[in-house]
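Here's the structure, in structure tokens; my notes come after.
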Ligand SMILES: Cc1cc2nc3c(=O)[nH]c(=O)nc-3n(C[C@H](O)[C@H](O)[C@H](O)COP(=O)(O)OP(=O)(O)OC[C@H]3O[C@@H](n4cnc5c(N)ncnc54)[C@H](O)[C@@H]3O)c2cc1C
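Numbering (this note's numbering), first residue to last: 40 to 514.
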């Protein structure tokens, strides 16, 4: 019987184990090891005093299908929750005020003229410069930074006030190094196809209108928090060989198998090993097998972030929470990068007559802030909410999460590095890389990478039944 060891019990490792178990009808011999005392990795939801607090991710994109498919298999369909459809506004903190993002903005490009012209977020010279985008020819580069692309096409103001805080916020990244090709390939595609991003966005809108496509939600969550997904997978896994508090220390080759050394001094042998760990951890684990692979993996940089959730009495918050929250441009020199109005974004997040607000700190341009201790983070978050939203009341609940070196940075050249890594790993039969570091860092990408690893292992297995592949999520 072939044996698989999966290292890392975040959503990627759990998904790999689940699909492997499903694809093999329970015949696969699987061991899943997780170094901490809990499953889920960056996914963690707390239920306290009627609040549901997300420590890491709070939602997932649904276009890629993988999460919905997994939720369906786990019987979670009736737990899926869409965001509020009436209060979708996003605000930008600009010179002491919260300005709504103009209506009709798709990502960073305006597609409706009047709301854009009326907006006080961008100055008149800035608006003129954005309008000139249609006259700027494509530069034909393979990859460039988000900052270089936006500066070149839409100008400095659009970069600093819209694109950088909005786009880079997703990756906790520095827009000067964030690879456009690895994160928003739609933008260079539109530039090349239509000669202009604005023209591309307008065409996209027209097509959607012609097809009578309604504005459907692009993200979703689960009623009880994303931890529900983790718990549902966990209860479906055969619990014999899933080990918490069990750290993999090194992976080596012995004969035609792999040997995994664990922190309790034991060693397990496997034919297939899935690394569902951050790239820098995987680098240490494979050092002996392939130092070149290890050094490529170490080149994928990670940054630290933190979130602070504060619960208030509704009567203590004067400003109406009439949107999903706001982003803070780096040029504003504040200590937070964004703020989610969590209880407006999703229902069931706060008890009656209360609201839940979540603040983001750290990231590539302010990593040291995220490394401060938890009491300091709460204090910082309260000071920033006072300055930006006028909240002075003491919160009824405060909870912070520090994410040390948690966010992989898709820097310019990321795609070629990952292509080299994929090529090296292919030369080691039985080794598989999965997770946020390579082909997408969102939950759907992680799930899909786990499915792919499970499928690759099944391909080589005696219990391979190809027809099951039809049920795999398409990404
Ligand atoms: C603050 C924050 C907000 C986010 N928001 C969103 C969002 O809204 N939507 C979205 O789609 N994505 C979001 N993300 C990204 C997403 O959460 C992650 O990319 C995803 O959860 C990563 O899952 P993973 O299983 O690949 O890695 P992880 O969750 O990091 O899991 C890896 C696991 O490996 C374990 N491990 C490490 N070393 C070892 C070892 N030697 N032996 C055994 N186990 C080991 C770790 O303890 C961990 O549990 C967010 C991330 C952060 C930090």
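C-beta: ideal position from N, C-alpha, C; glycine also.
Same chain, Cβ closer than 6 Å to residue i, five either side skipped, listed in chain order
i           : result
residue 498 : none
residue 34  : Outside the displayed span of the chain (40 to 514) sits residue 34, for which this structure offers no information.
residue 229 : 236 and 239
As assigned by DSSP and simplified to three states, the class of residue i
i           : result
residue 145 : strand
residue 492 : helix
residue 283 : coil
residue 514 : A caution first: residue 514 carries a pLDDT of 40, below 50, which makes its placement in the model unreliable, though a value can still be read off. It is coil, neither helix nor strand.
residue 207 : helix
residue 360 : coil
residue 402 : coil
residue 330 : helix
residue 296 : strand
residue 100 : strand
residue 509 : Only weak support is given to the placement of residue 509: the predicted model assigns it a pLDDT of 47, under 50, and the question is left unresolved by the model.
residue 260 : strand
residue 288 : strand
Limits of the unbroken alpha helix (DSSP H) element including residue i
i           : result
residue 166 : 163–170
residue 455 : 453–465
residue 423 : 413–428
residue 271 : 266–275
residue 306 : Element bounds for residue 306: not the alpha helix (DSSP H) but the beta strand (DSSP E), 306–309.
Beta-carbon proximity of residue i to residue j, cut-off 8 Å
i           : j           : result
residue 388 : residue 90  : yes
residue 461 : residue 475 : no
residue 185 : residue 214 : yes
residue 458 : residue 471 : no
residue 60  : residue 205 : no
residue 211 : residue 345 : no
residue 400 : residue 409 : yes
residue 336 : residue 289 : no
residue 351 : residue 308 : no
Start-to-end residues for the beta strand (DSSP E) that takes in residue i
i           : result
residue 441 : 436–447
residue 106 : Run containing residue 106: none in the beta strand (DSSP E); it sits in the alpha helix (DSSP H), 105–112.
residue 344 : 341–352
residue 194 : Counting along the chain, residue 194 falls outside any beta strand (DSSP E), and DSSP gives it neither H nor E.
residue 121 : Per DSSP, residue 121 belongs to no beta strand (DSSP E) and is neither H nor E.
residue 140 : Neither: residue 140 is in no beta strand (DSSP E) and is coded neither H nor E.
residue 93  : 90–93
residue 14  : Here the chain covers residues 40 to 514 and nothing more, so residue 14 does not appear.
Residue i beta carbon near ligand 3 (any heavy atom closer than 7 Å)
i          : result
residue 97 : Ligands displayed in this structure: ligand 1; ligand 3 is not among them.
Cβ neighbours of residue i in the same chain (closer than 7 Å, five flanking residues each side left out)
i           : result
residue 116 : 110
residue 208 : 366, 376 and 377
residue 173 : 235, 237 and 238
residue 453 : 218 and 221
residue 126 : 361, 362 and 383
heavy atom of ligand 1 below 7 Å from residue i C-beta
i           : result
residue 342 : no
residue 328 : no
residue 320 : yes
residue 485 : yes
residue 45  : no
residue 73  : yes
residue 82  : yes
residue 442 : yes
residue 480 : yes
residue 286 : yes
residue 446 : yes
residue 317 : yes
residue 222 : no
residue 104 : no
residue 474 : yes
Cβ neighbours of residue i in the same chain (closer than 8 Å, five flanking residues each side left out)
i          : result
residue 58 : 489, 490, 493, 494 and 511
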